[in-house]
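*Asks:* I have a structure I would like to understand better, so I am pasting it below and will then ask my questions one at a time.
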Amino acid sequence: MAVDASRSITKQSKDFSQWYLDVIAAADLAEHSDVKGSMIIKPYGYAIWERMQRILDDRIKATGHQNAYFPLLIPESYLKKEKEHVKGFSPELAVVTHAGGEKLDEPLVVRPTSETIINEAFSRWIQSWRDLPMLINQWANVVRWELRPRLFLRTTEFLWQEGHTAHATEQEAEEEARRMLGEYRTFVEKTLAIPVVAGEKTEMERFAGAARTYTIEALMPDGKALQMGTSHNLGQNFAKVFGVKYLDKNNEEQFVWQTSWGVSTRMMGGLIMAHGDDGGLILPPAVAPVQVVVVTIGTNSAEKKKVTSTIAELCGELGKLGVRFTVDDRENETLGAKIYTWEKKGVPIRIEIGPKDVAVKKAQVKRRDAGVKEQLPLAGLGKKVEALLADVQVSLFEKAKARLEGKSVFAKTMDAFEAAIEEGKFAYVPWAGSTVDELRIKEKTKATVRCLPFEHGYSGGACIATGKKTNTIAVFGRSY
RNA sequence: CGGGGAUUGGCGCAGUUGGUAGCGCGCACGCUUCGGGUGCGUGAGGCCGUGGGUUCGAGUCCCACAUCCCCGACCA
376 MAVDASRSIT KQSKDFSQWY LDVIAAADLA EHSDVKGSMI IKPYGYAIWE RMQRILDDRI
436 KATGHQNAYF PLLIPESYLK KEKEHVKGFS PELAVVTHAG GEKLDEPLVV RPTSETIINE
496 AFSRWIQSWR DLPMLINQWA NVVRWELRPR LFLRTTEFLW QEGHTAHATE QEAEEEARRM
556 LGEYRTFVEK TLAIPVVAGE KTEMERFAGA ARTYTIEALM PDGKALQMGT SHNLGQNFAK
616 VFGVKYLDKN NEEQFVWQTS WGVSTRMMGG LIMAHGDDGG LILPPAVAPV QVVVVTIGTN
676 SAEKKKVTST IAELCGELGK LGVRFTVDDR ENETLGAKIY TWEKKGVPIR IEIGPKDVAV
736 KKAQVKRRDA GVKEQLPLAG LGKKVEALLA DVQVSLFEKA KARLEGKSVF AKTMDAFEAA
796 IEEGKFAYVP WAGSTVDELR IKEKTKATVR CLPFEHGYSG GACIATGKKT NTIAVFGRSY
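Each residue of the first sequence is one higher than the one before, counting from 376 in our numbering.
Next comes the structure, spelled out in structure tokens:
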């Protein structure tokens with residue numbers, strides 16, 4: 376409300392990151408708080424997150440996991456147990472050294488992720504093969520003191536869901552890690568309408584402490600990649616340092632095989648960028664807190680009564696169909712003001728009803744993502760709107776998918792590769808390189824391996840870095 | 001930490017050569033207006049980042065410090 380960004384987002388001269396911030400302000404999603412990098416999620420932004428949460432949580436439970444909650448503060452010694460893990464997270468930890476007016480004997484770390492404290496619990500919870508698999512999920516906030524925060528994309532504190540599982544066999548853990556990545560992919564593509572490339576991370580990009588890391592990567596309109604979710608096969612790394620063991624059917628002691636996986640409020644950033652336009656936010660109906668807004672026109676005539684009763688009838692119909700709607704009949708705002716309010720908030724469908732419409736038993740219907748205002752009969756409008764919502768959901772995905780495909784190229788040579796990166800594209804290349812090669816490419820082009828994709832339409836060739844023949848394909852891109 | 005920029009009502013900014021602060025938006029109230037951000041009036045709201053210095057007098061000049069933003073390293 377304080378920032379009148381809504382007018383400025385129509386200026387196309389703005390660069391992308393400014394546009395991104397303007398959309399967030401105009402839609403009233405979030406704002407910076409006084410502590411560097413921390414974010415206040417405002418009610419409208421949180422309502423969108425809640426919808427994501429609900430849908431994801433249902434899937435997580437449907438796949439056999441149970442929710443639990445572990446402490447925010449973790450003894451520093453826990454983190455230090457896993458060598459790679461502590462190395463990866465040390466630079467970005469927030470540490471509590473004083474409490475209760477005294478200096479603590481052992482500092483407490485504000486969780487950057489919960490593998491350690493959950494494994495400490497697992498080591499007590501798991502005794503027998505009958506206790507496996509242990510499938511736990513947690514909805515929580517975590518803190519990582521990142522150097523360069525950006526609203527939603529990289530904030531000091533963020534909300535997420537983190538799954539932690541323990542299995543009897545390596546294969547089962549591998550299946551779990553891949554299955555949950557698949558769940559994420561389905562969620563992001565079907566619910567958020569954002570197409571992704573799924574694959575495995577290279578050693579360089581791997582999670583600190585994981586044996587294998589899987590990822591789904593989206594490409595934003597400005598040509599930057601955004602990791603939308605991640606899933607790890609942790610092997611027995613944590614099991615061994617935390618002593619998570621069980622007795623198998625032969626009465627032999629075994630370490631468990633584990634996974635962890637998570638998605639965060641970063642997805643909100645992806646959602647904003649993937650679909651938004653110069654008018655502001657555009658929400659896929661699946662996560663829109665308000666799917667349909669009914670805007671009234673005219674207030675001063677005898678027609679008002681008719682308009683009101685017509686709208687009441689329509690609302691009844693929408694309610695029965697389970698459509699999330701709201702009516703904007705503010706009398707102290709002009710039509711334009713009312714329209715822009717909902718446009719910048721990304722409401723998928725807007726219906727305008729005034730005296731002229733009531734007279735001909737019709738309503739003006741406008742979908743946020745495309746097209747022009749259409750005058751449709753009031754009779755059966757609810758069903759029509761329901762169908763439109765479904766269509767918006769699909770259209771948004773298809774539009775984003777076309778963009779991703781248009782910005783994905785196969786590069787056989789270093790020159791073609793660099794050109795593709797410079798154009799903000801995903802470059803698919805034959806790859807047999809090492810971390811050293813990745814670092815050299817990163818230094819020169821700022822591009823990193825987003826993943827080694829599970830699926831792609833390319834056959835191998837000579838690795839662009841080493842020249843070695845290979846069948847492996849890597850996707851490179853610049854990221855946030 | 002390296003390189004740039006900034007700090008003045010809630011937000012965005014102006015403030016010429018030093019004279020004790022102004023605009024837009026927003027907010028409150030009233031009237032007006034509703035087919036794509038209506039117009040007008042009235043009003044509330046500021047130790048000008050902090051600490052020193054120069055001066056009769058500092059938002060303005062000098063010094064130091066702090067904080068924030070942008071570009072790199074980090075990342076869900």
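Just so it is clear, CB atoms sit at the ideal spot from N, CA and C, and this is done for glycine as well. Given the structure is predicted, the values throughout are model-derived calculations rather than measurements.
Please work out which residues of its chain come closer than 8 Å, Cβ to Cβ, to Gly836, disregarding the five sequence neighbours upstream and downstream, and give them in chain order.
*Replies:* Along the first sequence, read from residue 1 onward, the residue named residue 836 stands at position 461. Correct list, in chain order: Lys787, Pro805, Lys844 and Thr845.
*Asks:* Return the chain-ordered list of same chain residues with a C-beta closer than 8 Å to the C-beta of Arg699, the five sequence neighbours on each side being excluded.
*Replies:* Here residue 699 refers to the residue found at position 324 of the first sequence. Hits under 8 Å: Ala663, Pro664, Val665, Gln666 and Val667.
*Asks:* For the alpha helix (DSSP H) that Thr491 lies in, which residues bound it at each end?
*Replies:* The residue you call residue 491 lines up with position 116 of the first sequence. Its alpha helix (DSSP H) spans residues Glu490 to Trp500.
*Asks:* What does the Cβ neighbour count give for Trp394, buried or exposed, with the cut at 16 atoms within 10 Å?
*Replies:* In the first sequence, the residue the question calls residue 394 occupies position 19. With 16 or more Cβ atoms within 10 Å of its Cβ, Trp394 is classed as buried.
*Asks:* Nearest by alpha-carbon distance to Arg525: which of Val735, Ala777, Ile430 and Val410 is it?
*Replies:* Taking the first residue of the first sequence as position 1, residue 525 is located at position 150. Taking only the C-alpha atoms, the option nearest Arg525 is Val410.
*Asks:* Which whole-angstrom value describes the C-beta separation of Val767 and Arg725, a residue pair presumed to lie in contact below a C-beta threshold of 8 Å?
*Replies:* Locating residue 767 in the first sequence gives position 392, where the first residue counts as 1. Locating residue 725 in the first sequence gives position 350, where the first residue counts as 1. The pair is not a contact, with the Cβ atoms about 12 Å apart (cut-off 8 Å).
*Asks:* For Lys417, which residues of its own chain have a beta-carbon under 8 Å away from its beta-carbon, when the five flanking residues on both sides are left out?
*Replies:* For the purposes of this step, residue 417 is taken as residue 42 along the first sequence, with counting starting at 1. So the qualifying residues of the chain are Asp403, Leu404, Ala405 and Glu406.
*Asks:* Who are the near neighbours of Trp424 in its chain, counting only those whose CB is closer than 8 Å to its CB and skipping five residues on each side?
*Replies:* Here residue 424 corresponds to residue number 49 of the first sequence, with the count starting at 1. Within the same chain, Trp424 has close Cβ partners Ile416, Leu534, Thr640 and Met643.
*Asks:* Name the two residues that bound the continuous alpha helix (DSSP H) containing Gln428.
*Replies:* If you number the first sequence from 1, residue 428 lands on position 53. Note, Gln428: alpha helix (DSSP H), Pro418 to Ala437.
*Asks:* In terms of alpha-carbon separation, which member of Ile796, Leu448 and Met509 lies closest to Val619?
*Replies:* Sequence index remark: in the first sequence, residue 619 carries index 244 (1-based). Cα-wise, what sits closest to Val619 is Met509.
*Asks:* Helix, strand or coil for Tyr589 per DSSP?
*Replies:* By one-based count along the first sequence, residue 589 stands at place 214. Tyr589: strand per DSSP, three-state reduction.
*Asks:* If distances are taken between C-alpha atoms only, which option among Arg434, Ala548, Arg553 and Val470 comes closest to Glu612?
*Replies:* In the first sequence, counting from the first residue as 1, residue 612 sits at position 237. According to the sequence as given, residue 612 is Asn; it is not Glu. Comparing Cα-Cα distances from Asn612 to each of Arg434, Ala548, Arg553 and Val470, the minimum goes to Ala548.
*Asks:* Opposite Ala837 in the DSSP bridges: which residues?
*Replies:* Here residue 837 refers to the residue found at position 462 of the first sequence. Answer is Lys844.
*Asks:* When you compare the segment 569-586 with the segment 461-477, are there three or more beta-carbon pairs, one atom per stretch, that lie closer than 8 Å?
*Replies:* Counting Cβ pairs under 8 Å, three or more are found: they touch.
*Asks:* Identify whether Arg382 lies in helix, strand or coil by the three-state DSSP scheme.
*Replies:* On the first sequence, residue 382 is found 7 positions in, with the first residue counted as 1. Low confidence applies here, because Arg382 scores a pLDDT of 49, under 50, leaving its location unreliable; read the following figure in that light. Three-state DSSP puts Arg382 in coil, outside helix and strand.
*Asks:* Where DSSP assigns a beta bridge to Val471, which residues make up the other side?
*Replies:* Stepping through the first sequence from its first residue, residue 471 is reached at position 96. Answer by DSSP bridge pairing, in chain order: Leu483.
*Asks:* So what's Glu477 in DSSP terms, helix, strand or just coil?
*Replies:* Here residue 477 refers to the residue found at position 102 when the first sequence is read from its first residue. Glu477 falls in the strand class under three-state DSSP.
*Asks:* Would you list the one or two residues that DSSP bridges to Val410?
*Replies:* In the first sequence, the residue the question calls residue 410 occupies position 35. For Val410, which the question treats as bridged, DSSP gives no partner whatsoever.
*Asks:* Quick check on this structure: which residue in Gln513, Glu532 and Phe527 has the alpha carbon closest to the alpha carbon of Arg519?
*Replies:* In the first sequence, the residue the question calls residue 519 occupies position 144. The shortest Cα separation from Arg519 among Gln513, Glu532 and Phe527 belongs to Glu532.
*Asks:* State whether the segment 793-805 contacts the segment 553-567, with contact taken as three or more CB pairs (one from each stretch) at a distance under 8 Å.
*Replies:* Contact fails: fewer than three Cβ-Cβ distances are below 8 Å.
*Asks:* Contact defined as beta carbons within less than 8 Å: I believe Gln502 pairs with Tyr621. What is the distance between those atoms, to the nearest angstrom?
*Replies:* Position 127 of the first sequence, counted from the first residue, corresponds to residue 502. Position 246 of the first sequence, counted from the first residue, corresponds to residue 621. About 6 Å; that satisfies the 8 Å criterion.
*Asks:* Are the Cβ atoms of Ile796 and Thr823 separated by less than 8 Å?
*Replies:* Position 421 of the first sequence, counted from the first residue, corresponds to residue 796. Position 448 of the first sequence, counted from the first residue, corresponds to residue 823. Taking 8 Å as the Cβ cut-off, Ile796 and Thr823 do not qualify as a contacting pair.
*Asks:* With the cut-off set at 8 Å, would you say Pro659 and Leu771 are in Cβ contact?
*Replies:* Here residue 659 refers to the residue found at position 284 when the first sequence is read from its first residue. Here residue 771 refers to the residue found at position 396 when the first sequence is read from its first residue. Yes, they are a contact pair.
*Asks:* Would Ser635 and His542 be called neighbours here (beta carbons separated by less than 8 Å)?
*Replies:* Walking along the first sequence from the start, residue 635 turns up at place 260. Walking along the first sequence from the start, residue 542 turns up at place 167. Cβ distance not < 8 Å, so Ser635 and His542 don't count as in contact.
*Asks:* What does a CB cutoff of less than 6 Å around Ile430 pick up in its chain, not counting 5 residues either side in sequence?
*Replies:* Translated into positions along the first sequence, residue 430 becomes position 55. Once the five neighbours on either side are set aside, the close Cβ partners of Ile430 are Thr566.
*Asks:* Please confirm if the segment 478-492 is in contact with the segment 440-452, defined as three or more CB-CB distances below 8 Å between the two stretches.
*Replies:* In short, these stretches touch, since the Cβ pair count reaches three.
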